[in-house]
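A short write-up of the structure that comes next.
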Amino acid sequence: MIMESDEYMEDEHILVTGGAGFIGSHLVRRLLDDNRSVICVDDFNDYYSPLVKENNIKPFLSRKNFKLYRVDIRDFNSLKGIFSSNRISGVVHLAARAGVRPSLENPLLYEEVNLKGTMHLLELSKNVKNFIFASSSSVYGNNKKTPFSEHDNVDKAISPYAATKKAGEVMCHVYHHLYNIPISCLRFFTVYGPSGRPDMATYKFTKWIDEGKEVQRFGDGHSKRDYTYIDDIIDGVMSALDKQFKYEIFNLGNSHPVELNYFISVIEEELGKRANITKLPTQPGDVSITYADISKSKEMLNFQPKISVEDGIAEFVRWYKSSK
Ligand SMILES: NC(=O)c1ccc[n+]([C@@H]2O[C@H](COP(=O)([O-])OP(=O)(O)OC[C@H]3O[C@@H](n4cnc5c(N)ncnc54)[C@H](O)[C@@H]3O)[C@@H](O)[C@H]2O)c1
């Protein structure tokens, strides 16, 4: 276990697992800007380049109130050490294997990290004031009814990844029931924005179009995703962290699904380049639409997404060009 920090703090900390990742690093920045003390746990694995994660985390290393532990959440004893040597008041558990398609290749790894890792965190969080679990819109599988509501039945996952997220929500309920831990499970819908994951569509399409490479489009392009801008997601996470619920599940999505073909055209527009599209069959595990009903999040979290896909892609492309 390696710890990097400027000084030992007696404060209460928010523990962010997966804090070097895409969503995690945006959350860490928001928390530090809000003068909170943050502990980040991340194993910097090579699901995508660890260098990207190092760059995400670099600006925080010199900041007061920030500690980094390079720890794998499968390592219970190291996690236990972190909990016993720090006063942790809240946990935002984002660390996970996050790809749908790769989960078909390596389901056991997904089970180990996403479920066993989550249980490790829950075991150690019996005294925290708030526990936030990163769930996913993928739990809705091929839900026919739209928009997707937290009340819909989600027993029919169609990928190992989705099943681990649903199982994580259920395990969160067990720990809430047994130990009274206040828990919110947040179902994120296709998050994009600056520092976006290189394995996700927004990044890949932008790179391929920019470099004049073939754009591999799965399906006929009519599938729809509820692309949600990172700042809106962070607003929702902060709200869930500050309000304390017994046990709740919330959708965090834009509630405005757009077709893949349109999404690609917005990227083309921003780059001023045309996509050279190669059509490929729909992938097993892929769903045809995601669409968040956010009435519950609006009411209980004051969640109100503000960034349109057009504005969000403009921000993303600006970041992409500056980081090349
Ligand atoms: N990005 C999205 O669109 C999206 C949608 C739905 C749900 N989510 C969920 O949100 C969370 C964050 O996603 P993201 O897009 O930021 O992904 P990410 O891969 O960028 O971030 C995850 C971070 O967790 C770390 N991690 C993974 N396994 C670990 C382990 N065993 N021990 C310690 N750290 C580990 C990774 O190194 C990475 O930095 C994940 O739980 C993901 O499933 C994301």
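In this text, residue positions in the sequence shown follow the working numbering: the first is 65, and each later residue adds one. Virtual Cβ for every residue (Gly too), placed ideally from N, Cα, C.
- Straight-line measurement puts the Cα of E379 at about 33 angstroms from the Cα of E169.
- Annotation: L143 to K310 spans about 24 angstroms, alpha carbon to alpha carbon.
- With contact defined as three or more Cβ pairs closer than 8 angstroms, the segment 291–304 and the segment 328–343 are not in contact.
- For N318, the shortest C-beta to heavy atom distance toward ligand 1 is 7 angstroms or greater.
- If you check the CB distance, I137 and H184 come in under 8 angstroms.
- Around the C-beta of P224, 16 or more other C-beta atoms lie within 10 Å, and the residue is accordingly described as buried.
- For the set G257, Y174 and P369, the Cα lying nearest the Cα of G163 is the one of Y174.
- Counting of Cβ neighbours within 10 angstroms places L305 among the buried residues, the total reaching 16 or more.
- Between F314 and R251 a beta carbon distance of about 7 angstroms is seen, short of the 8 angstroms cut, so the two are scored as contacting.
- Relative to ligand 1, G82 has its C-beta within less than 7 angstroms of a heavy atom.
- In this structure the segment 229–248 does not touch the segment 343–363; the number of beta carbon pairs closer than 8 angstroms is below three.
- Bridge pairing for A231: absent [DSSP].
- In the structure shown, the three-state DSSP call for S189 is coil.
- Per DSSP, Y267 is one residue of the alpha helix (DSSP H) stretching across A265 to D274.
- With a 10 Å radius around the Cβ and a threshold of 16 neighbouring Cβ atoms, P369 comes out buried.
- Residue pairing of H77 in beta bridges, as defined by DSSP: S101 and I152.
- Between Y243 and the set D295, D290, Y355 and S189, the nearest pair of CA atoms involves S189.
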